[in-house]
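Residue numbers for the sequence shown, in our numbering: 1 to 208.
Virtual Cβ for every residue (Gly too), placed ideally from N, Cα, C.
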Amino acid sequence: MLWRHGQTAWNLEDRFQGSTDVELDDVGQAQAERAARLLASLEPNVIVSSDLRRAQDTAEALARLVGLPVRLDPRLRETFGGSWQGRTAAELAERDREAYAAWRSGVDVPAGGGERRTEVAARVCPAIMDAVADVPAGGTLVVVTHGGSARAAIGTLLDLPLDRWAVVGGLANCSWSVLEAIGYGAGGWRLVEHNAGSLPEPVMGDEE
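In structure tokens, the structure reads:
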């Protein structure tokens, strides 16, 4: 499961957060606590989180309920956005129009001179797979991360070509996506739930 952190003030201001260590606001903390009460019923085996405070505090809300430690992994951080970090979308559209438009359209350009999406995927996916190795068969891993990092991971784990990553919509604050291993990882992954705020329901019938 990939779980995006709760709301921050910069989210509300439409600022490019990137790897800037912005904390949850009061709404974001409440979102994390509400989501944690739902996710606790899944009885996770391992919780791993980006070391940025907004992700770490989101993870801790769940960890307190289920009695697990939060493993911090800086590889799960959001895209480093270089000169874009801290600027609003309106400012970027005005000051760096072509590069920002290309990035928004899914082109693999460095965000603000920082990281490309493929570079984010190249660090996030190994972090996820390292954590998966510590989860028992049939168990649940909760990865607390960021919107861009989650999309890069999902696109890569589902073997989507880069120009198709955008078919996977973004994650809202404190929403999550559930991926299920096919053959416990050896056969790849399937996307079971996306941008969810409720618990997964069993699939019955012909599409089981």
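query: Range covered by the beta strand (DSSP E) that runs through residue 71; result: 70–72
query: Span of the alpha helix (DSSP H), counted from its first residue to its last, around residue 119; result: 117–132
query: Residue 178 versus residue 99 - alpha carbon distance; result: 32 Å
query: Endpoints, beta strand (DSSP E) assigned at residue 195; result: 188–196
query: The alpha helix (DSSP H) enclosing residue 219, as first and last residue numbers; result: Because the chain here runs from 1 to 208, residue 219 falls outside it and cannot be looked at.
query: Rounded straight-line distance, which links the Cα of residue 41 to that of residue 31; result: 16 Å
query: Own chain, CB closer than 8 Å to residue 131, minus 5 neighbours either side, in chain order; result: 46, 48, 71, 73, 141 and 143
query: Collapsed DSSP secondary structure at residue 88 in the structure displayed; result: strand
query: Residue 55 in three-state terms, based on DSSP; result: helix
query: Beta strand (DSSP E) segment containing residue 4, residue limits; result: 2–4
query: Buried versus exposed call for residue 69 [16 or more other C-beta atoms within 10 Å across all chains shown]; result: exposed
query: Presumed contact (8 Å Cβ cut-off) between residue 79 and residue 148, rounded CB distance; result: 4 Å
query: Euclidean distance between Cα positions of residue 107 and residue 52; result: 26 Å
query: Identified DSSP bridge partners for residue 15; result: 88
query: Through-space distance from residue 180 to residue 188, alpha-carbon basis; result: 9 Å
query: Nearest to residue 164 (by Cα), restricted to the options 151, 190, 174 and 173; result: 151
query: Cβ-based burial, residue 124 [other Cβ within 10 Å; buried from 16]; result: buried
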